[in-house]
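Numbering (the numbering used here), first residue to last: 1 to 89. Virtual Cβ for every residue (Gly too), placed ideally from N, Cα, C. Heads up, the thing below is written out as structure tokens.
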């Protein structure tokens, strides 16, 4: 899953999420992988998935290539407290 609204313009619409996830359910899906390199979804997404009985496989948002070919410094993150606060959230 990569959201159809990357800029979160319409993401406060529970109806939108319900319609999009219903379409996936009608295609025979019973689980959805949320890519860790995308945005963090809103609660409406998870509520719609729960109402439809869909299992969400949520990748952790830092599963990308942080220190590989496209990565930065191995000293990352610079602000460990901010990083841990985001992880807990």
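Annotated as distal: residue 10 and residue 45, with beta-carbon spacing of 7 Å or more. Annotation: the continuous alpha helix (DSSP H) that includes residue 19 extends over 14 to 26. Taking 8 Å as the upper bound for CB-CB distance, residue 87 and residue 58 are not in contact here, some 13 Å apart. DSSP places residue 46 in the helix class (H, G or I) of the three-state scheme. Our two residues, residue 83 and residue 31, have alpha carbons roughly 29 Å apart in a direct line. With a cutoff of 7 Å on beta-carbon distance, residue 56 and residue 49 are scored as near each other. Residues of the same chain with a CB within less than 7 Å of the CB of residue 22, apart from the 5 flanking positions on each side, are 52 in chain order. Apart from the 5 residues on each side of it in sequence, residue 25 sits with its Cβ closer than 6 Å to the Cβ of 52 in its chain, given in chain order.
In the three-state scheme derived from DSSP, where H, G and I count as helix and E and B as strand, residue 9 is classed as coil.
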